[in-house]
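Engineer: Here's a structure for you.
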Amino acid sequence: EAGVVQSPRYKIIEKKQPVAFWCNPISGHNTLYWYLQNLGQGPELLIRYENEEAVDDSQLPKDRFSAERLKGVDSTLKIQPAELGDSAVYLCASSTSGLVGNEQFFGPGTRLTVL
Amino acid sequence: GNSVTQMEGPVTLSEEAFLTINCTYTATGYPSLFWYVQYPGEGLQLLLKATKADDKGSNKGFEATYRKETTSFHLEKGSVQVSDSAVYFCALTVGGSQGNLIFGKGTKLSVKP
């Protein structure tokens with residue numbers, strides 16, 4: 001069974017440029033998460049989807065970040081415009097449901113460098 | 116609020132040494148507790164979990180026991196191998212956050228032959 005797929009794996013851009021990350025969750029997983037992982041820190045949730053609905057986006061900086069999961073399968077996270085402080089690893093995860101205790105499966109992440 | 120505190124690394128051990136990585140938590144509800152591992156160049160993987168007090172999670176020789184009285188979930192392994200070199204993250208979920216994981220900062224383990 002294929003795991004969570006993310007692309008690109010690495011991205012280098014200049015500040016003020018836009019950038020987009022793509023995630024394809026494990027087949028059949030209704031819940032999709034985007035996490036931000038700064039260097040030397042644990043991941044922090046940005047947004048959680050149940051099917052195509054964003055049910056928790058309280059930590060998403062909505063002035064520059066946006067996300068979509070139009071058909072309830074794959075998802076795109078966008079930053080526009082990027083700032084130097086956005087340099088981090090962006091992780092996507094999926095699970096069969098958002099219930100407490102349910103295992104989340106993580107993709108390899110996209111490492112973003114903003115110059 | 117909800118948070119996880121784990122011992123700072125890096126931790127360097129010789130092969131076959133005993134490992135303990137401390138993890139304590141603060142939670143407003145009744146959390147489920149997890150240890151995730153991140154091997155070099157790979158994504159986070161669930162190592163073990165426990166969903167209620169006194170449960171012991173175990174996998175690949177690693178163990179952790181959910182201690183409600185001390186709000187702890189320490190990770191242990193009796194004899195580490197070079198292949199255990201990775202970053203280990205303690206995490207929790209609580210009902211109010213509907214399954215959203217809250218992670219500690221991670222502890223990097225290096226095992227020398």
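These protein sequence lines are chains A and B, in that order. Numbering follows this note's numbering, in which position 31 of the first sequence is assigned residue number 31; successive positions increment by one, without gaps. Position in the second sequence (from 1) plus 115 gives the number in this note's numbering. Positions of the beta carbon are idealized from the N, C-alpha and C atoms, including for glycine. These numbers were taken from a predicted model, which means no experiment stands behind them.
Would you say residue 219 of chain B faces chain A, with C-beta separation under 8 angstroms as the test?
Structural biologist: Residue 219 of chain B sits at position 104 when you count from the first residue of the second sequence. Closer than 8 angstroms: yes.
Engineer: Measuring only the C-alpha atoms, how far is residue 42 of chain A from residue 32 of chain A?
Structural biologist: What you label residue 42 of chain A is simply residue 42 of the first sequence in a count that begins at 1. What you label residue 32 of chain A is simply residue 32 of the first sequence in a count that begins at 1. Cα to Cα, the separation comes out at about 18 angstroms.
Engineer: Less than 8 angstroms between CB atoms is the rule here; does residue 72 of chain A satisfy it with respect to chain B?
Structural biologist: Along the first sequence, read from residue 1 onward, the residue named residue 72 of chain A stands at position 72. No - not a single Cβ of chain B is within 8 angstroms of the one on residue 72 of chain A.
Engineer: Thinking just about the alpha-carbon of each residue, which of A:53, A:12 and A:7 is nearest to the one in residue 113 of chain A?
Structural biologist: To locate residue 113 of chain A, count along the first sequence from 1; it is residue 113. Considering only alpha carbons, the answer is A:12.
Engineer: Between which two residues does the beta strand (DSSP E) harbouring residue 48 of chain A extend?
Structural biologist: Within the first sequence, residue 48 of chain A is the residue found at index 48, counting from 1. 44-50 is the span of the beta strand (DSSP E), which, as asked, contains residue 48 of chain A.
Engineer: Could you tell me whether the Cβ of residue 158 of chain B comes closer than 8 angstroms to any Cβ of chain A?
Structural biologist: Against the second sequence, residue 158 of chain B aligns to sequence position 43. True, the Cβ-Cβ gap to chain A drops below 8 angstroms.
Engineer: Please name the residue or residues paired with residue 172 of chain B in a DSSP beta bridge.
Structural biologist: Here the question's residue 172 of chain B lines up with position 57 in the second sequence. Looking at the DSSP assignment, residue 172 of chain B forms a beta bridge with B:179.
Engineer: When you compare the CB of residue 133 of chain B with every CB in chain A, is at least one pair closer than 8 angstroms?
Structural biologist: As a first step, residue 133 of chain B is located in the second sequence; it is residue number 18 there, counting from the start. Not an interface residue.
Engineer: Mind checking if residue 61 of chain A is an interface residue toward chain B, Cβ cutoff 8 angstroms exclusive?
Structural biologist: For this step, residue 61 of chain A is matched to residue 61 along the first sequence. Cβ-Cβ to chain B under 8 angstroms: no for residue 61 of chain A.
Engineer: On the DSSP bridge list, what partners appear for residue 26 of chain A?
Structural biologist: To locate residue 26 of chain A, count along the first sequence from 1; it is residue 26. BP columns for residue 26 of chain A are empty, so no partner.
Engineer: What would DSSP say about residue 56 of chain A, mapped onto helix, strand or coil?
Structural biologist: The residue given as residue 56 of chain A occupies position 56 in the first sequence. Looking at residue 56 of chain A - three-state DSSP - the assignment turns out to be strand.
Engineer: Let me know the beta strand (DSSP E) ranges lying completely inside the stretch 77-104 of chain A, each 3 residues or longer, listed in chain order.
Structural biologist: Counting whole runs of 3 or more residues, the stretch 77-104 of chain A contains the beta strand (DSSP E) stretches 88-95.
Engineer: Rounded to whole angstroms, how far is the Cβ of residue 119 of chain B from the Cβ of residue 205 of chain B, which I believe are closer than 8 angstroms?
Structural biologist: By one-based count along the second sequence, residue 119 of chain B stands at place 4. By one-based count along the second sequence, residue 205 of chain B stands at place 90. At roughly 5 angstroms, the Cβ-Cβ gap stays under 8 angstroms, so residue 119 of chain B and residue 205 of chain B are in contact.
Engineer: Run down chain B in chain order and give the residues with a C-beta less than 9 angstroms from the C-beta of residue 103 of chain A.
Structural biologist: As a position in the first sequence, residue 103 of chain A is number 103, starting the count at 1. Within 9 angstroms Cβ-Cβ: 149, 161 and 164.
Engineer: May I ask you to list, following chain order, the residues of the stretch 45-56 of chain A that have a beta carbon less than 8 angstroms from some beta carbon of chain B?
Structural biologist: Of all residues in the stretch 45-56 of chain A, 45, 48, 55 and 56 have a Cβ within less than 8 angstroms of some Cβ in chain B.
Engineer: Rounded to whole angstroms, what is the Cα-Cα separation between residue 127 of chain B and residue 227 of chain B?
Structural biologist: Indexing the second sequence from 1 puts residue 127 of chain B at position 12. Indexing the second sequence from 1 puts residue 227 of chain B at position 112. If I take the Cα positions, the gap works out to 7 angstroms.
Engineer: Touch check for the stretch 1-9 of chain A and the stretch 56-70 of chain A: three-plus C-beta pairs under 8 angstroms?
Structural biologist: Too few Cβ pairs lie closer than 8 angstroms, so no.
Engineer: Under the three-state reduction of DSSP, which class applies to residue 200 of chain B: helix, strand or coil?
Structural biologist: Locating residue 200 of chain B in the second sequence gives position 85, where the first residue counts as 1. In the structure shown, residue 200 of chain B sits in coil (DSSP, three-state: anything other than H, G, I, E or B).
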